[in-house]
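Here the structure is laid out as C-alpha cells; the discussion comes afterwards.
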Amino acid sequence: MTDTAKRLTQYAHGGGCACKIPPGELEDVVAGLTTAPAAPHGELIVGLETGDDAAVVRLPGSRGGLAAVATADFFTPVVDDPYDWGRIAAANALSDVYAVGGRPLVAVNLLAWPREVLPFELAREVLRGGLDVAAEAGCHVGGGHSVDDPEPKYGMAVTGVADPAALLRNDTGKPGLPLTLTKPLGVGVLNNRHKATGEVFPHAVAAMAALNRDASAAALDAGATCATDVTGFGLLGHLYKLARASGVTAVVDAAAVPYLDGARESLRAGYVSGGTRRNLDWVAPHTDFGGAPEEDRLLLADAQTSGGLLVAGEIPGEPVIGELVPAGPHPLVVR
Numbered sequence: 001m002t003d004t005a006k007r008l009t010q011y012a013h014g015g016g017c018a019c020k021i022p023p024g025e026l027e028d029v030v031a032g033l034t035t036a037p038a039a040p041h042g043e044l045i046v047g048l049e050t051g052d053d054a055a056v057v058r059l060p061g062s063r064g065g066l067a068a069v070a071t072a073d074f075f076t077p078v079v080d081d082p083y084d085w086g087r088i089a090a091a092n093a094l095s096d097v098y099a100v101g102g103r104p105l106v107a108v109n110l111l112a113w114p115r116e117v118l119p120f121e122l123a124r125e126v127l128r129g130g131l132d133v134a135a136e137a138g139c140h141v142g143g144g145h146s147v148d149d150p151e152p153k154y155g156m157a158v159t160g161v162a163d164p165a166a167l168l169r170n171d172t173g174k175p176g177l178p179l180t181l182t183k184p185l186g187v188g189v190l191n192n193r194h195k196a197t198g199e200v201f202p203h204a205v206a207a208m209a210a211l212n213r214d215a216s217a218a219a220l221d222a223g224a225t226c227a228t229d230v231t232g233f234g235l236l237g238h239l240y241k242l243a244r245a246s247g248v249t250a251v252v253d254a255a256a257v258p259y260l261d262g263a264r265e266s267l268r269a270g271y272v273s274g275g276t277r278r279n280l281d282w283v284a285p286h287t288d289f290g291g292a293p294e295e296d297r298l299l300l301a302d303a304q305t306s307g308g309l310l311v312a313g314e315i316p317g318e319p320v321i322g323e324l325v326p327a328g329p330h331p332l333v334v335r
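As C-alpha cells, then:
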C-alpha cells in the first residue's frame, strides 16, 4: 500500500457494492420513471424495465446491426490498497458490459475524493489501477469527472458495443436451462473482515479484479441468451431479478455453490455486512429455503463486489449450481 497510515476502508460507511442502496428501496425510487425522447436516435433494446445490467440501444443505419451499451458503476473503498481498489472498481464497472454480451470501447473515470483528508498520491494510485484493468480489457479511458467529497468513491462510466442479435439479458431465461456461476462467492464477508481487522486476502482481490470478458465470450459461444452478473444484491438478489423478469422459478443447489477459502469461517466469526442482511430480508418473502440453515442463506445473499456471471446455460469448466424450472409458488427455491 502506498501509505500504510491511511486505511481507505476506514473512510467509508460501507465497502464496495455492499454500499448500494437496498434493492427494495431502489425499485420503489425508480418505479414509473421510464420514458422516451420525442425523436429517439436508435431503439432502446434493454432499458430500466427489468433492472438489467446495462442499457442497450440499437444504432440506426449500422451495417449488419450494431448496438451501443452504456453503464456506470462506482463505490466506496472495498480494500485498503488504492491500486487494488482501482482495479476492482474498474473490473466491476466493465462487468456490466460483459454481462449483456457486449465489448467495452471507452470509459471515463468517476472520482470523489476528500482532498483535505487523504493525499492525492493515493487517488493517483486508484486511477492507475483503473487504467491498468481498462487496458487489459482493450478499453480506452478518456478522462472523467471528479468532485470533492467527504467519502472516497471511485468507478467508471463505460460505453461498449454489442450484436443486438446476440445479447445476454435477464428476461430470456427458459425452464430446463442449467444455472452456471463463473466466480466463487464470499468476497463480501472477506471484505468485511478486511475492513474490521486489516487482514489481507489476496485470493479475494484476485477474484474481484478479474475481468468477466472470457466468461461473457464463453456464454455467447455456448448459445446462452440469459445472464446477469452477481454484485451488491448477492447471488439470490440478482437471481430473483432474473427469475422474476423471465417468468420462471430458479432452483439453487446450495451444496454446489463454490465459495472462496475462508468465507464460511469469516461468516461464522460474525463478519457479515449490513448490505448482506438487507439482501436476505429482501429475497426471503420470495424464496422457499426449505431446511437451508441461516449460514447458507447469508452466504447466498452475501453482497458481492465485482462477482462473476450467472448464466442460464452450461459453460464448459464452470460449476452448475442449479436450474430454471416452470414458475411455481416462489421465484426462488434453495435445496
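Going by UniProt numbering, the first residue of the sequence shown is number 1, and it counts up by one from there. In this text, a Cβ means the ideal position worked out from N, Cα and C, and glycines have one as well.
Please return the same chain residues whose Cβ sits closer than 6 Å to the Cβ of V311, not counting the five positions on each side in sequence.
Sequence index remark: in the sequence shown, residue 311 carries index 311 (1-based). Hits under 6 Å: T180, A219, A224, A227.
Outcome for P77 when other beta-carbon atoms lying within 10 angstroms are tallied against a minimum of 16:
If you number the sequence shown from 1, residue 77 lands on position 77. Classification for P77: buried.
Could you tell me the alpha carbon to alpha carbon distance between L118 and K6, rounded to whole angstroms?
Residue numbering aside, residue 118 sits at position 118 when the sequence shown is read from its first letter. Residue numbering aside, residue 6 sits at position 6 when the sequence shown is read from its first letter. If you take the alpha carbons of L118 and K6, they lie about 8 Å apart.
Should the region 153–167 be called in touch with the region 264–284, which here means at least 3 C-beta pairs below 8 Å?
no
Using a Cβ-Cβ cutoff of less than 8 Å, which residues in the same chain neighbour A72 once the five nearest sequence positions on both sides are dropped?
Looking up residue 72 in the sequence shown gives position 72. So the list reads A93, L110, G155, M156, A157, V158, once near-sequence residues are dropped.
Just mark S261 as buried or exposed, buried being the case when its beta carbon has 16 or more other beta carbons within 10 Å.
As a position in the sequence shown, residue 261 is number 261, starting the count at 1. Strictly speaking, residue 261 in this sequence is Asp, with Ser absent from that position. It is exposed - the Cβ of D261 has fewer than 16 other Cβ atoms within 10 Å.
Using 8 Å as the Cβ pair cut-off and three pairs as the minimum, do the region 320–331 and the region 297–305 touch?
no
Bridge partners for N109 per DSSP, in chain order?
As a first step, residue 109 is located in the sequence shown; it is residue number 109 there, counting from the start. In DSSP, N109 forms a bridge with G144, M156.
Rounded to the nearest angstrom, what separates G102 and G234 at their Cα positions?
Position 102 of the sequence shown, counted from the first residue, corresponds to residue 102. Position 234 of the sequence shown, counted from the first residue, corresponds to residue 234. Their Cα atoms are separated by approximately 22 Å.
Over what stretch of residues does the beta strand (DSSP E) that includes G322 continue unbroken?
Residue mapping note: residue 322 aligns to position 322 of the sequence shown, counting from 1. Note, G322: beta strand (DSSP E), 320–326.
In the DSSP assignment, find the alpha helix (DSSP H) that holds I88 and state where it starts and stops.
Here residue 88 refers to the residue found at position 88 when the sequence shown is read from its first residue. Unbroken alpha helix (DSSP H) run through I88: 82–99.
Straight-line CA distance for V56 to A162?
The count along the sequence shown starts at 1 and reaches residue 56 at position 56. The count along the sequence shown starts at 1 and reaches residue 162 at position 162. If I take the Cα positions, the gap works out to 8 Å.
May I have a chain-ordered list of the beta strand (DSSP E) segments no shorter than 3 residues that lie completely inside the UniProt domain "PurM-like C-terminal" (174–264)?
178–181, 227–229, 248–252
Quick check: the Cα distance between residue 384 and S306, rounded to an integer number of angstroms?
Outside the displayed range of the chain (1 to 335) lies residue 384, so it cannot be described from this structure.
Distance check for R193 and E199, CA to CA, integer angstroms please.
Numbered from 1 along the sequence shown, position 199 holds the residue referred to as residue 199. Numbered from 1 along the sequence shown, position 193 holds the residue referred to as residue 193. For E199 and R193, the distance between alpha carbons rounds to 7 Å.
Pull up the distance between the alpha-carbon of D3 and that of G130, whole angstroms please.
As a working note, residue 3 is residue 3 in the sequence shown. As a working note, residue 130 is residue 130 in the sequence shown. Reliability of the predicted coordinates at D3 is poor, the pLDDT of 44 falling under 50, and the value obtained from them is presented with this limitation in mind. Answer to the nearest angstrom: the Cα atoms are 18 Å apart.
Among W113, G138, E136, G142, whose alpha-carbon lies nearest the alpha-carbon of D149?
Sequence index remark: in the sequence shown, residue 149 carries index 149 (1-based). Residue W113 is the option with its Cα nearest to D149.
Give the straight-line distance between the Cα atoms of F120 and P82, rounded to the nearest whole angstrom.
Taking the sequence shown and counting its residues from 1, one reaches residue 120 at position 120. Taking the sequence shown and counting its residues from 1, one reaches residue 82 at position 82. Going by the C-alpha atoms only, they are around 11 Å apart.
On the premise that L167 lies in contact with A99, defined as a C-beta separation below 8 Å, what is that separation, rounded to the nearest angstrom?
For this step, residue 99 is matched to residue 99 along the sequence shown. For this step, residue 167 is matched to residue 167 along the sequence shown. Their Cβ separation, rounded to whole angstroms, is 10 Å, which puts A99 and L167 out of contact at 8 Å.
Nearest-angstrom Cα separation, counted from V251 out to T182
On the sequence shown, position 182 is the one that residue 182 refers to. On the sequence shown, position 251 is the one that residue 251 refers to. A direct Cα-to-Cα measurement between T182 and V251 gives close to 17 Å.
Integer Cβ distance of V334 from A292, believed to fall under 8 Å
Numbered from its first residue, the sequence shown carries residue 334 at position 334. Numbered from its first residue, the sequence shown carries residue 292 at position 292. A Cβ-Cβ distance of about 5 Å is found for the pair V334 and A292, placing them in contact under the 8 Å criterion.
Please name the residue or residues paired with P104 in a DSSP beta bridge.
Here residue 104 is taken as the residue at index 104 of the sequence shown, counted from 1. Answer is G160.
Classify R268 as buried or exposed, calling it buried when 16 or more other Cβ atoms lie within 10 Å of its own Cβ.
For the purposes of this step, residue 268 is taken as residue 268 along the sequence shown, with counting starting at 1. Classification for R268: exposed.
Bridge-paired residues (DSSP) for E43:
Taking the sequence shown and counting its residues from 1, one reaches residue 43 at position 43. R58.
Just the C-alpha distance for E43 and A165, rounded to the nearest angstrom, thanks.
Position 43 of the sequence shown, counting from 1, holds the residue named residue 43. Position 165 of the sequence shown, counting from 1, holds the residue named residue 165. Looking at the two C-alpha atoms, the distance is approximately 13 Å.
Backbone secondary structure at G274 - three-state DSSP
The count along the sequence shown starts at 1 and reaches residue 274 at position 274. Note: G274 maps to helix in three-state DSSP.
When the distance is taken between beta carbons, is A206 closer than 7 Å to L190?
The count along the sequence shown starts at 1 and reaches residue 190 at position 190. The count along the sequence shown starts at 1 and reaches residue 206 at position 206. In this structure, L190 keeps its C-beta atom at 7 Å or more from the C-beta atom of A206.
Leaving out five residues before and five after L59 in sequence, what residues of the same chain have Cβ atoms less than 7 Å from its Cβ?
Start at 1 with the first residue of the sequence shown, and residue 59 comes out as number 59. Correct list, in chain order: G42, L66, A67, A68.
Using CA coordinates, which residue listed in G317, G308, A91, A134 is at the minimum distance from L185?
The residue labelled residue 185 in the question sits at position 185 within the sequence shown. Comparing Cα-Cα distances from L185 to each of G317, G308, A91, A134, the minimum goes to G308.
Closest to T9 by CA distance: which of I45, P40, D84, S146 is it?
The sequence position of residue 9 within the sequence shown is 9, counting from 1. Out of I45, P40, D84, S146, D84 has the C-alpha closest to the C-alpha of T9.
Nearest to A217 by alpha carbon, out of R87, G86, V97, H13?
Mapped onto the sequence shown, residue 217 falls at position 217. The option with the nearest alpha carbon to A217 is V97.
Measuring alpha carbon to alpha carbon, tell me which residue in R115, R124, H238, R278 is nearest V147.
Taking the first residue of the sequence shown as position 1, residue 147 is located at position 147. Checked all of R115, R124, H238, R278; the closest Cα to V147 is R115.
Considering only DSSP beta bridges, list what A68 is partnered with.
The residue you call residue 68 lines up with position 68 of the sequence shown. DSSP, once it has assigned bridges, lists V57, V161 as partnering A68.
For N279, does the count of other Cβ atoms within 10 angstroms reach 16, so buried, or fall short, so exposed?
Here the question's residue 279 lines up with position 279 in the sequence shown. Classification for N279: buried.
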